[in-house]
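Residue numbers (the working numbering): 5 to 149.
Read through the structure below, which is laid out as structure tokens, and then see the notes.
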């Protein structure tokens with residue numbers, strides 16, 4: 005219990021944002037693999053980057069490296085998005101030209117929204133302070149003239 009009390013002490017909005025992003029990345033990874041497992045749109049490197057980002061940022065939070073955790077989240081989600089785009093570019097081109105399909109699938113839309121929200125929030129999280137600045141009170145002695 006002492007660990008959790010110390011974890012909550014002097015934390016800013018960015019810290020809680022980081023914890024929320026860790027959960028979002030795990031959800032995105034689960035949705036991605038459940039929707040596209042065994043298809044051409046599945047890229048296991050993108051899936052791995054989602055899990056690696058969640059695990060590494062959790063480790064950074066446990067070891068009180070909150071700023072590094074936000075950088076890990078921002079970097080891994082961006083790399084994961086790049087590999088996701090690489091995996092689905094052919095599907096998008098087929099739908100846009102109308103060769104085989106009339107519209108985007110629901111799985112594609114949901115996964116793309118999760119990746120987009122995760123990327124925007126993960127990169128913006130880098131710029132949010134993770135801890136509150138503690139201002140130490142010091143007494144200022146007046147100078148004698």
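The C-beta atom is built at its ideal place from N, Cα and C for all residues, glycine as well.
**Item:** Outcome for residue 77 when other beta-carbon atoms lying within 10 angstroms are tallied against a minimum of 16
**Value:** buried
**Prompt:** Which partner residues of residue 135 appear in the DSSP bridge assignment?
**Reply:** 15
**Prompt:** Under the three-state reduction of DSSP, which class applies to residue 82: helix, strand or coil?
**Reply:** helix
**Outcome for residue 40 when other beta-carbon atoms lying within 10 angstroms are tallied against a minimum of 16** = buried
**Message:** Measuring only the C-alpha atoms, how far is residue 19 from residue 32?
**Reply:** 20 angstroms
**Message:** Classify residue 148: buried if its beta carbon has 16 or more other beta carbons within 10 angstroms, exposed otherwise.
**Reply:** Residue confidence is low: residue 148 scores 49 on pLDDT, short of 50, so the model does not pin down where it sits. No coordinate-derived value is stated.
**Request:** Using a threshold of 9 angstroms, state whether the C-beta atoms of residue 54 and residue 80 are closer than that.
**Result:** yes
**Asked** How long is the line joining the alpha carbons of residue 126 and residue 98, rounded to whole angstroms?
**Response** 30 angstroms
**Asked** Do residue 95 and residue 112 have their CB atoms nearer than 9 angstroms?
**Response** yes
**Prompt:** Do you know offhand how far residue 90's Cα is from residue 83's?
**Reply:** 11 angstroms
**Asked** Looking at the structure shown, is residue 103 part of a helix, part of a strand, or coil, going by DSSP?
**Response** coil
**Prompt:** Which stretch, first to last residue, makes up the alpha helix (DSSP H) that contains residue 129?
**Reply:** 110-129
**Asked** What whole-angstrom Cβ distance do residue 92 and residue 45 have, given they're in contact under 8 angstroms?
**Response** 5 angstroms
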